[in-house]
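Residue numbers (our numbering): 264 to 440. Only one structure is covered here, and it is reproduced in the block below.
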Amino acid sequence: MLSKLALRTAPFAVVLALFGIGLAVPVIGEDASSASSASASSAAASSASSAPIAAASDADILAAGKHIWQDAACYNCHGTNGQGGHSPDFPAGPNLRTSGLDPDTMLQIAECGMPETRMPAWLKGAYSEVACYGNPLGPAPSGTLVSGAYSEDELKALVAYIQVNFMKQPMPTWSAQ
């Protein structure tokens, strides 16, 4: 299972890597030049992430979470500000501002998706390497979308961004497990 380090002690290198990852979901209106610059940024971030760097600040974690929100195009289904989706081109995701989900539940949904819905599992190795919802390791259940684009720490940053900016909750913390 992936490391369950507390989010506040996640290496700043993870934050740097987040800003360099390529788009997992295409964004409408993006041109090829910005896509190639994202690839160049990714290569630079990969080399930077190998250097030992101090723990990330809350501001860095929230900035990384915002980047994941944009990179994964969460706004297509959940609305620009987490208010819920209303697009004819994407499924209408729930209003995250009023969801009442605690950070752990929100993290599990981001990691493992919601079977039988259009909410994908974003965790690298979800179902195949990391057990989800009590299922044995192996292929995801029928009807489960698996993206597998992000690490657990990246998804914790995303959850922190949603909790703080959209739900107006305090910065979440996760204990080491």
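All C-beta atoms, glycine included, are put in the ideal place defined by N, C-alpha and C.
- Of all alpha-carbon atoms in P399, Q426, M434 and Q432, the one lying nearest the alpha-carbon of A373 is that of Q426.
- Going by C-alpha positions, K431 is about 8 Å away from R360.
- Bounds of the beta strand (DSSP E) holding A384 are A384 to L386.
- Taking a 10 Å sphere around the C-beta of G345, we find 16 or more other C-beta atoms and assign the residue as buried.
- Exclusion of the five residues before and after G406 leaves P378 and E379 as the residues of its chain whose Cβ lies within less than 7 Å of its Cβ.
- Looking at K419, W437, A389 and P366, the one whose alpha-carbon comes closest to that of I331 is K419.
- In terms of CA proximity to G376, C395 leads the group G363, G347 and C395.
- According to the DSSP assignment, G376 belongs to no alpha helix (DSSP H), since it is labelled neither H nor E.
- Taking C-beta atoms as the reference points, P435 and P357 fail to come closer than 7 Å.
- The DSSP-derived three-state label of A327 is helix.
- Here G348 is buried. Its C-beta has 16 or more other C-beta atoms within 10 Å.
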